[in-house]
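Novice:
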Amino acid sequence: MKKSFILTLLTIITLGLFQPATALAEESQKLPSGIERDQIGQKIQDFVKEHEKTTAGMATTIFDKDGTIYQGSFGYMNKEKGIKADDNSVFEWGSVGKLAIWVSVMQLWEEGKIDLDEDIRTYLPEGFMKTLRYEKPVTMTDLMNHQAGFGESTHAYKEDKGLSIEEILAVNQPEQSYEPGTMTAYSNFSASLAAYIVERISGQDFSAYVHEHIFQPLGMKDTALSADFKENPKIYQKRMEQISYRADGTSMGTSYFHLGLYPAGNAVSTLADFQKFAQALLKKEKLFKHAETWTTLYTATSNYPGTDMPLNMHGFWTREYGTTLVGHGGNSTGYSSYILLDLKNGIGMTVMTNQDHELVYNYEMPALVFGPKKKTDSATFDKFQSGNYRSARSFASGPMSISRILLYTQFVEKSKDNPLLTQNFSVVSGSGDETKVTASYGDNFRVKDSEILKDWSLLISAAAGIVFSIILFLARGGLDLFRLVFKKGQSKTPKPLRIWTYLTSLAGVGVAINFLLLFNTFATDDLSFLASWRYIVFASLGLILAGCAVFPLLTKARKGLSKSRLYLTVLTSLSALAIVVNILYWSLYQWWGL
């Protein structure tokens, strides 16, 4: 009896010991989303099948610290020639390449060669920074957090002209629109400035530094980084064989683009090399000499306002799905990519596509691995206030400044469909005109009603002037044509004023046409909006209209005019003046600022 009791007790204890271990083993076979590891491949294939009509080419890997859980390539790298996506396909990284900048910076930090909280001017040539307007210094941490205060820069989108990073950065620096540390405004300029500092400290060209200190230690032989990719002929040739596509599936051709500020996002590689980089970041190996550096790298350098939730970790953005992820997304001309790392569960994912601003695979598919995207909580919706909101990443000055009101500002109502709060997990801070909405990659801030009123009043005055110019041209031309055809005699308006009327109205119409062409290219991501000739046209037409606006005051031809004709002359001058004021206010004449 006693022996039987002891055996029973041992059995119960044994079962109690092994059951948790068994449950733990079963749990480890699941991804953070709850999907079994051996089922994720089928789930992804089903997902691709669901979206195949809008899919060009896509490659993805899911991995842990020990190896690959799933890898797959889908679709075509050149649909016209039937070239399928496979292990040899290459994809551009876009802004994921910025992670190479931040790893480089942390390597120099580990060696004691840079202080992340020191004024960056310490590491730059004397007088290099020309647009700083706040007393608070900009630090490397600010650059990493995209909180240096810089607005958008056109130079991140301009092609390489054989200039060095230093030469390009020195040519046209964006305005410092915000005090450092107060606004998160995604900045290609800031990242490129950090890469230039890496060059200054290391004494190496940035591309050479990354190849030696990152790519080579990881065995990444199928990766190119320079502005033209030609340091790796094999990858360059493969890249030129491929076609990229828009989100709707239409072709963009090779979309080959020499990015001048290439550190901001110009790497290209196979999926295998992309995974090597991502897996090293997950495993925390080879890139740094000390474990403490990895700990520092993955420590928050900025949080969502009013919370302890990390927003950025030394240049690595966080994304909220079923778990907090770190990494970076990227878009280049015709390519989109993502590295997502779940440091807590030791799971990583890479996504690469040959589609412009692709969202389905880069933003929706990760939910299969990491669980659904985290939603903004109800308290944040309650705190939000209706108003006009502008992306902190916008052109505050220069010839593209008109886009800040037309493309970067929107009126948002307090509702459950609020686009600022529903697209991504967001936090609202401040109140009234100081309200700010923070999400991964940047802030949107509320714009004062008085500023919106001023901007739109000016635009409406220009629109009225242009409409008047069109009507005037048609009326004047129609009347003169009628007199010519039916031989009704000469106009009583003095010839100088008739010529002036035609010149003024034609110049106004010219401004309208040039602006419409410009707006269309900018809205469709056609980089020809950077062409200097467009702004030279604005400058030339502005000079003509300025002369036309004052001409009636200087000519004797106005004497003897009837009241109605005099009234029309005044309106014509005012319409020209309204257009000129807008060209000046929006800096549309500054072709040298591109």
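Numbered according to mature numbering (1 follows the signal peptide of the UniProt record, and there is no 0), the sequence shown spans residues -25 to -1, 1 to 569.
For glycine and all other residues, C-beta sits at the position ideal for the given N, C-alpha and C.
Relative to the alpha-carbon of VAL403, which residue among MET158, VAL486 and GLU85 has its alpha-carbon at the smallest distance?
Specialist: Answer by Cα proximity: MET158.
Novice: Measuring straight from C-alpha to C-alpha, what distance separates GLU426 and SER432?
Specialist: Computed Cα separation, rounded: 10 angstroms.
Novice: Among the candidates SER369, VAL525 and THR36, whose CA atom is the shortest distance from the CA of GLY126?
Specialist: The option with the nearest alpha carbon to GLY126 is SER369.
Novice: List the DSSP bridge partners of ASN363.
Specialist: DSSP output for ASN363 lists PHE386 as bridge partner(s).
Novice: What do you reckon, are the CB atoms on residue 575 and GLY321 nearer than 8 angstroms?
Specialist: With the chain represented from -25 up to 569, any question about residue 575 goes unanswered, as that position is not in the structure.
Novice: Thinking just about the alpha-carbon of each residue, which of THR114, VAL442 and LEU493 is nearest to the one in ALA482?
Specialist: Out of THR114, VAL442 and LEU493, VAL442 has the C-alpha closest to the C-alpha of ALA482.
Novice: I'd like to confirm the pairing. Which residues does DSSP put opposite GLN330 in its beta bridges?
Specialist: Bridge partners of GLN330: TYR220.
Novice: What did DSSP end up calling TYR171 once you bin it into helix, strand or coil?
Specialist: TYR171: helix per DSSP, three-state reduction.
Novice: Mind checking residue 591: buried by the 16 CB within 10 Å criterion, or exposed?
Specialist: Outside the shown range of the chain (-25 to 569) lies residue 591, about which nothing can therefore be said.
Novice: Return the residue from the list THR97, ASN63, LEU493 and GLU85 that minimises the CA-CA distance to THR245.
Specialist: THR245 has its Cα closest to that of ASN63, out of THR97, ASN63, LEU493 and GLU85.
Novice: Could I get the ranges of all uninterrupted alpha helix (DSSP H) runs contained in the region 14 to 83, with 4 residues as the minimum, in chain order?
Specialist: Qualifying alpha helix (DSSP H) stretches, in chain order: 15 to 25.
Novice: Report the rounded CA-to-CA distance for ALA553 versus ILE435, giving the unit in angstroms.
Specialist: Rounded to whole angstroms, ALA553 to ILE435 spans 9 angstroms at the Cα level.
Novice: Cα-Cα, which of ASP357, LEU193, LYS111 and ILE210 is closest to ASN393?
Specialist: Nearest option by C-alpha distance: ASP357.
Novice: Distance, Cα to Cα, THR351 vs LEU315?
Specialist: In a straight line, the C-alpha of THR351 is about 20 angstroms away from that of LEU315.
Novice: From the DSSP output, which residues share a beta bridge with HIS303?
Specialist: The partner list for HIS303 (beta bridge, DSSP) reads ILE314.
Novice: Going by DSSP in three states, SER165 sits in which element: helix, strand or coil?
Specialist: Looking at SER165 - three-state DSSP - the assignment turns out to be helix.
Novice: Grab me the residues of SER376's own chain with a C-beta within less than 7 angstroms of its C-beta, minus the 5 sequence neighbours each way, in chain order.
Specialist: Excluding sequence neighbours, SER376 sits near PHE370, TRP561 and SER562.
Novice: Would you mind sorting TYR564 into buried or exposed? The rule is 16 or more other CB atoms within 10 Å of its CB.
Specialist: The residue in question, TYR564, is buried, as its Cβ has 16 or more Cβ neighbours within 10 Å.
Novice: Cβ of ALA367 within 8 angstroms of Cβ of ASN419?
Specialist: In contact: ALA367 and ASN419 (Cβ atoms closer than 8 angstroms).
Novice: Give the straight-line distance between the Cα atoms of LYS423 and LEU396, rounded to the nearest whole angstrom.
Specialist: Cα to Cα, the separation comes out at about 20 angstroms.
Novice: Quick one: measure Cβ to Cβ for TYR416 and GLN385, integer angstroms, because I've assumed they're closer than 8 angstroms.
Specialist: Rounded, the Cβ-Cβ distance is 17 angstroms, inconsistent with contact.
Novice: To which residues of the same chain is LYS111 closer than 8 angstroms at the C-beta, ignoring the five residues directly before and after it?
Specialist: So the list reads GLU154, PRO155 and GLY156, once near-sequence residues are dropped.
Novice: Figure out for me which residue from SER480, TYR510, LEU478 and ILE10 has the closest Cα to the Cα of LEU492.
Specialist: Among SER480, TYR510, LEU478 and ILE10, the Cα nearest to that of LEU492 is on TYR510.
Novice: For GLY362, which of PRO374, ARG379, VAL344 and LYS411 has the nearest alpha-carbon?
Specialist: Nearest option by C-alpha distance: LYS411.
Novice: What do you get for residue 604, buried or exposed, if any count of 16 or more other CB atoms within 10 angstroms of its CB means buried?
Specialist: As displayed, the chain neither begins before -25 nor continues past 569, which places residue 604 out of reach and without an answer.
Novice: Counting only runs that start and end within the region 103 to 135, where is the alpha helix (DSSP H) found for 4 or more residues in a row?
Specialist: With a minimum length of 4 residues, the continuous alpha helix (DSSP H) runs that stay inside the region 103 to 135 are 115 to 120.
Novice: In its own chain, which residues sit with a C-beta less than 7 angstroms from the C-beta of residue 576, not counting the 5 before and 5 after it?
Specialist: Because the chain spans -25 through 569 in this model, residue 576 falls outside it and cannot be assessed.
Novice: Excluding the 5 residues flanking MET6 on each side, which residues of the same chain have their C-beta closer than 7 angstroms to its C-beta?
Specialist: Contrary to the premise, residue 6 reads as Leu rather than Met in this sequence. Contacts found: ARG12, ILE15, ILE322 and VAL344.
Novice: Could you tell me which residues DSSP puts in a beta bridge with PRO285?
Specialist: According to DSSP, PRO285 bridges with ASN278.
Novice: Are the region 280 to 297 and the region 205 to 218 touching, with three or more C-beta to C-beta distances below 8 angstroms?
Specialist: Touching, no.
Novice: Measuring straight from C-alpha to C-alpha, what distance separates ASN329 and MET81?
Specialist: Going by the C-alpha atoms only, they are around 31 angstroms apart.
Novice: Please determine, among ILE218, GLN254, ILE76 and VAL326, the residue with the shortest C-alpha to C-alpha distance to THR229.
Specialist: Ranking ILE218, GLN254, ILE76 and VAL326 by Cα distance to THR229 puts ILE218 first.
Novice: Mind checking who GLN151 pairs with in its DSSP beta bridge?
Specialist: DSSP, once it has assigned bridges, lists PHE125 as partnering GLN151.
Novice: In the structure shown, what three-state DSSP assignment does ARG294 receive?
Specialist: DSSP places ARG294 in strand when its eight states are reduced to three.
Novice: Report the three-state DSSP secondary structure of ASP248 (helix, strand or coil).
Specialist: Three-state DSSP puts ASP248 in a helix.
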